[in-house]
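Residue numbers for the sequence shown follow our numbering, beginning at 19 and rising by one.
Think of the CB as a built atom: it goes at the ideal place given N, C-alpha and C, for glycine as much as any other residue.
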Amino acid sequence: SHDRAFIDRTVEEILALDGEGGAALVPGGVATWLKQRSARTTTPRSAPNQRSSSTKPAKQKSSRSPSTLNRLIANVEKDMTKRTTRQTALYQDIADAGNDHKKLAALGEELAALQTTIESLETQWLELTEELGS
19 SHDRAFIDRT VEEILALDGE GGAALVPGGV ATWLKQRSAR TTTPRSAPNQ
69 RSSSTKPAKQ KSSRSPSTLN RLIANVEKDM TKRTTRQTAL YQDIADAGND
119 HKKLAALGEE LAALQTTIES LETQWLELTE ELGS
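Now the structure itself:
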């Protein structure tokens, strides 16, 4: 439940997840856990983020011309449109397949491969548009 007062009145211990893969049983309710959490002296979470942002490579100026990037973006968009149209058709084919398990399996495999390709194209599109913007 999201109601802290209710939880404090009804539970004897809670399972606290730390967000980093750890968990602990904490006697008492949410209020007890919050007191324990605030009493801990840990390093701020922002410190690792500051280090990781400073290690990112600086953006390099694109070696490709804007017209080349625009052409590549248009090609990727055209390919994505074609593949999303096929994806829509596959969804309909799957709906129409009924109980034909062999056909459903084949359509499912094609759909999975198509979705992977679409994700790859979306990533490529994002990279190209970012390169064009820099």
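Report the three-state DSSP secondary structure of Glu128 (helix, strand or coil). Reduced to three states, the DSSP call for Glu128 is helix.
Alpha helix (DSSP H) containing Val94: first to last residue? Judged by DSSP secondary structure, Val94 falls within the alpha helix (DSSP H) whose first and last residues are 84–114.
7 Å Cβ shell around Val44 - same chain, five flanking residues per side excluded: These residues qualify, in order along the chain: Glu31, Ile32, Ala34, Thr50, Trp51, Gln54.
Run the CB neighbour count on Phe24, radius 10 Å, all protein chains shown included, and call it buried at 16 or more, exposed below. Phe24 should be labelled exposed.
Mapping the DSSP letters down to three states, classify Glu31 as helix, strand or coil. Note: Glu31 maps to strand in three-state DSSP.
Residues near Leu108 by beta carbon distance below 8 Å, same chain, minus five either side: Excluding residues within five positions, the ones whose Cβ falls inside 8 Å are Leu125, Glu128, Leu129, Leu132.
Within a Cβ cutoff of 8 Å, which residues of the same chain sit near Thr86, ignoring the five residues on either side of it in sequence? Closer than 8 Å at the Cβ level, and outside the excluded window around Thr86, lies no residue.
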